Amino acid sequence: LQQLTTLVVEFLVKYSFQIIGAIIILLVGIRLAGWLGRSVSKFCEKHNIDITLSRFLGNFIKVLVITFVIIIAIGKFGISIAPFIAALGALAFGSSFAIQGPLSNYGAGISIILTQPFKVGNTISVKGVSGVVEEIHLAATVLTTEDNEVITIPNKHIVGEILLNSFANKIVETTVGISYDDDPDKAISVLKEVLAEILEISLEPPPQIGIAEFADSAINISLRYWVPTKKYFQIQYQVNQKIHRALIEAGIHIPFPQRDVHLVNKIV
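Structure below.
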């Protein structure tokens with residue numbers, strides 16, 4: 094016990110100034126790292142940079158400064174810091190292969206936040222998946238479908254892909270055929286009244302209705318209108334039902350395909 098006490102006393106006497114210096118460096122460095130991290134975050138937010146990216150950059154700067162402070166503190170004991178720097182480099186190089194996937198997601202997330210190809214509330218379609226953007230994280234983007242299913246897409250599968258942004262509304266296209274014996278103007282007027290009854294249909298841009306085609310058995314009238322993406326099918330079905338009822342009440346016929354066949358009897 095006496096030998097241990099002697100060794101401790103000798104160590105403290107020999108390295109007392111180094112220990113005090115290392116503690117001071119650590120305390121000052123940690124406070125400086127925290128201040129720098131907060132300053133970077135506030136600076137980014139002040140310049141309208143996304144809050145997620147702002148916090149990421151602030152935390153990254155904080156961790157980076159603390160790492161260098163620890164290395165400098167170790168150097169106060171006369172220990173060469175070159176091996177530590179080399180070890181950190183080797184660790185970073187080796188880790189890059191192990192976390193290549195997550196890193197690519199973070200890189201893609203930063204790209205999405207900076208370029209803003211879409212925002213929260215927009216409706217996007219990518220890689221066969223569609224939904225409303227609920228959250229944008231550095232690693233992934235969260236969508237909600239019309240069926241209230243939550244889909245999480247890694248950001249690396251979004252960047253570089255063909256992306257369709259429908260924003261908040263999505264267009265509905267419907268074609269209705271009427272008989273050649275009916276008045277197209279009257280039919281168009283009826284269809285406009287149907288769309289005007291449904292409040293969820295967007296007025297900007299306004300609905301478009303007109304004659305699209307003169308088919309074999311009908312005059313085809315097309316409707317194009319915009320609805321909230323979350324209610325796309327709900328409103329489409331509602332409109333179709335109202336159109337059918339309104340045309341019947343207006344005495345406008347929806348014809349079915351028909352063909353006239355003439356039989357010629359040859360008398361021999």
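Each residue of the sequence shown is one higher than the last, beginning at 94 in my numbering. Backbone N, C-alpha and C define an ideal beta-carbon position, used for all residues, glycine too. Model, not experiment: these values are computed from the prediction.
- Going by DSSP, serine 218 is part of the beta strand (DSSP E) stretching over 216 to 219.
- For leucine 340, the uninterrupted alpha helix (DSSP H) segment begins and ends at 325 to 342.
- Between isoleucine 302 and isoleucine 312, the beta carbon gap of about 13 Å keeps them out of contact (Cβ cut-off 8 Å).
- Residue pairing of asparagine 258 in beta bridges, as defined by DSSP: Ile217.
- In chain order, Leu129, Gly130 and Val133 place their CB closer than 6 Å to the CB of isoleucine 154, counting only its own chain and leaving out the 5 sequence neighbours on each side.
- Valine 252 and valine 213 have their C-alpha atoms roughly 16 Å apart.
- Apart from the 5 residues on each side of it in sequence, leucine 256 sits with its Cβ closer than 8 Å to the Cβ of Pro210, Phe211, Ile217, Ser218 and Val219 in its chain, given in chain order.
- Around the beta carbon of phenylalanine 149, 16 or more other beta carbons sit within 10 angstroms, so the residue counts as buried.
- Of the residues Gly151, Ile123, Leu125 and Val121, the one whose Cα lies closest to the Cα of lysine 135 is Gly151.
- Boundaries for serine 282: no beta strand (DSSP E) harbours it, while the alpha helix (DSSP H) harbouring it runs 277 to 290, taken from the DSSP string.
- In its chain, beyond the 5 residues on either side, Val222, Gly224, Val235, Leu236, Thr237 and Thr238 have a beta carbon closer than 8 Å to the beta carbon of isoleucine 244.
- In the DSSP assignment, leucine 207 forms no beta bridge with any residue.
- Counting along the chain, leucine 296 sits inside no beta strand (DSSP E), nor does DSSP assign it H or E at all.
- For tyrosine 273, the number of other beta carbons within 10 angstroms of its own is below 16, and it is reported as exposed.
- According to the DSSP assignment, proline 247 belongs to the beta strand (DSSP E) that extends over 243 to 247.
- Under the three-state reduction of DSSP, phenylalanine 349 is assigned to coil, being neither helix nor strand.
- With distances taken between CA atoms, valine 121 lies nearest to Ile159 out of Ile159, Glu227, Ile328 and Glu297.
- The beta-bridge partner set that DSSP reports for glutamate 306 consists of Asn313.
- Per the coordinates, the alpha-carbon of serine 204 lies some 17 Å from the alpha-carbon of asparagine 215.
- For alanine 233, the enclosing beta strand (DSSP E) has its first and last residue at 233 to 237.
- A contact is defined here as three or more CB-CB pairs under 8 Å, and the region 273 to 283 fails this definition with respect to the region 318 to 334.
- For glycine 253, no beta strand (DSSP E) run applies, since DSSP gives it neither H nor E.
- For isoleucine 229, the three-state secondary structure derived from DSSP is strand.
- If you compare the alpha carbons of Ile117, Ile206 and Ile116 with that of leucine 146, the shortest gap goes to Ile206.
- Short of 6 Å from the beta carbon of glutamine 329, and not among the five residues preceding or following it, lie these beta carbons of its own chain, in chain order: Val265.
- In this structure, the alpha-carbon of valine 332 lies about 13 Å from that of serine 295.
- Taking C-beta separations shorter than 7 Å and ignoring five residues to either side along the sequence, the partners of glutamate 254 in its chain run Val219 and Lys220, following chain order.
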